[in-house]
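Structure first, then comments.
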Amino acid sequence: MRRGGRRGVRRTDVVVRTITLAPGGSTGWHHHQGQALAVGRPAGCDVWGCGEYIPLISPGSPHFIVFAAAAG
17 MRRGGRRGVR RTDVVVRTIT LAPGGSTGWH HHQGQALAVG RPAGCDVWGC GEYIPLISPG
77 SPHFIVFAAA AG
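Written out as structure tokens, the structure is:
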């Protein structure tokens, strides 16, 4: 690494969205162009991924990071 430089660090675009779903609501099947990171509020939340049910957080859970994935 050269002095004062940041070799290997690349610039990227970041999109931030706030999505509110009604109880029992869904975003529907969708994809992301790149990496995705979802942050949940303290409420019940789960996901279906590739036909597999994955419970993520439950009411009262201290965990707020819900889901992170890198598109292949």
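The sequence shown stops at residue 88 when you use this note's numbering, and every number in between is there. Where a beta carbon is used, it is the ideal one built from N, C-alpha and C, also for glycine. These figures come from a predicted structure and were not determined experimentally.
For residue i, the three-state DSSP class (helix, strand or coil)
i, result
"alanine 52", "strand"
Best match in the options for proximity to residue i [C-alpha to C-alpha]
i, options, result
"proline 52", "Ser42, Gly24, Asp29", "Inspection of the sequence shows that residue 52 is occupied by alanine rather than by proline. Ranking Ser42, Gly24, Asp29 by Cα distance to alanine 52 puts Asp29 first."
"glycine 50", "Val31, Arg23, Gly24, Gly40", "Val31"
Any C-beta of chain C under 7 Å from that of residue i
i, result
"valine 31", "Any reference to chain C falls outside this structure, which holds one protein chain only."
For residue j and residue i, the rounded distance between their alpha carbons
i, j, result
"histidine 79", "isoleucine 35", "Low per-residue confidence applies at histidine 79: pLDDT is 49, beneath 50, and the placement is therefore not dependable enough to give any value."
"glycine 40", "arginine 26", "39 Å"
Other residues of its chain near residue i: CB distance less than 8 Å, five sequence neighbours each side excluded
i, result
"threonine 43", "Ile35, Leu37"
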